[in-house]
Amino acid sequence: MDNSILYTRCPTCNTAFKVTDELLAIAGGKVRCGACLAIFQASEYMLEPVKKVEVIETSPSPVPVQTETSISEFLQQASVVNMPEPEPEPEPEPEPEPEPEPEPEPEPEPEPEPEPDFEPSRPAVFMELESVKAREGWTVQLIAGNQEQTVLNLMDRYESISGILYTYTQRQDQDWFVGFYGEFPSRDEARKAVERLPQALRDQSPWIRQSRDF
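Under the working numbering, the first residue of the sequence shown is numbered 1, with each subsequent residue one higher.
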């Protein structure tokens, strides 16, 4: 195999150096300049074989080189073009951070305990409101107030009058106690009963009303 020595010149820095057929065959004709490291196609910049080659130097006053021996001192051996290194594999994308778990909903506050049912101080003369409304006929309301004791004081004052009862309800979200007297089939009968009451009670303007309206 012919392995003749040829000369080529770097188109970038004009440096001339020798190459061989074997070297060009391995690299596909491409060489790397030993001076500036530029890669180029050597066959496109081949030099005619001459015994005297003028080499341009970087000194202010270029000195022509006259002998073939001097050429070998300045020419540089071309290096085989290396295959490009494989690109590094892309780094894997970071895994997304897990979404935070939702905070548990606060437990509902316990409902307030219902207030205990009213316990009358005098059960013997107390009547549940439902029982009062269930009665037919008329009655006479003697007193009403927010305090149970208000009704009990009137009952103590007129303890000689039998038939005075009291009940419990609410009015405008407040406790309401009502003292009433008798059960009559008509308004006229209730009015006659009022006329028989002590004058002090009559002066308080008793209210004749139907029991179902309590």
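In this text, a Cβ means the ideal position worked out from N, Cα and C, and glycines have one as well. Since we're looking at a predicted model, the values are computed, not measured.
Original post:
Cβ of E22 within 8 angstroms of any heavy atom in the ligand COA?
Top reply: This structure simply doesn't include the ligand COA, nor any ligand for that matter.
Subject >> Alpha-carbon spacing of G179 relative to S131, whole angstroms >> reply: 14 angstroms
**OP:** Within 10 angstroms of the Cβ of L37, are there 16 or more other Cβ atoms? Answer buried if so, exposed if not.
**Re:** exposed
Subject >> Coil, strand or helix - D157 by DSSP >> reply: What sits at residue 157 in the sequence shown is Arg, not Asp. Here R157 sits in helix by DSSP.
Original post:
Are there three or more Cβ pairs, one per stretch, closer than 8 angstroms when the stretch 95-107 is compared with the stretch 142-150?
Top reply: no
Original post:
Mind checking T58: buried by the 16 CB within 10 Å criterion, or exposed?
Top reply: Residue placement at T58 cannot be trusted, given a pLDDT of 41 that sits under 50; what the coordinates show is reported in the next sentence. That one is exposed.
**OP:** Go to Q199, then tell me how far its alpha helix (DSSP H) extends in each direction, as first and last residue.
**Re:** Q199 to R202
**OP:** Have a look at V194 and G163 and give me their C-alpha separation to the nearest angstrom.
**Re:** 13 angstroms
Subject >> Alpha carbon of R144 to alpha carbon of E111, nearest angstrom >> reply: Note on residue identity: the sequence assigns Ala, not Arg, to residue 144. Roughly 32 angstroms separates the two Cα atoms.
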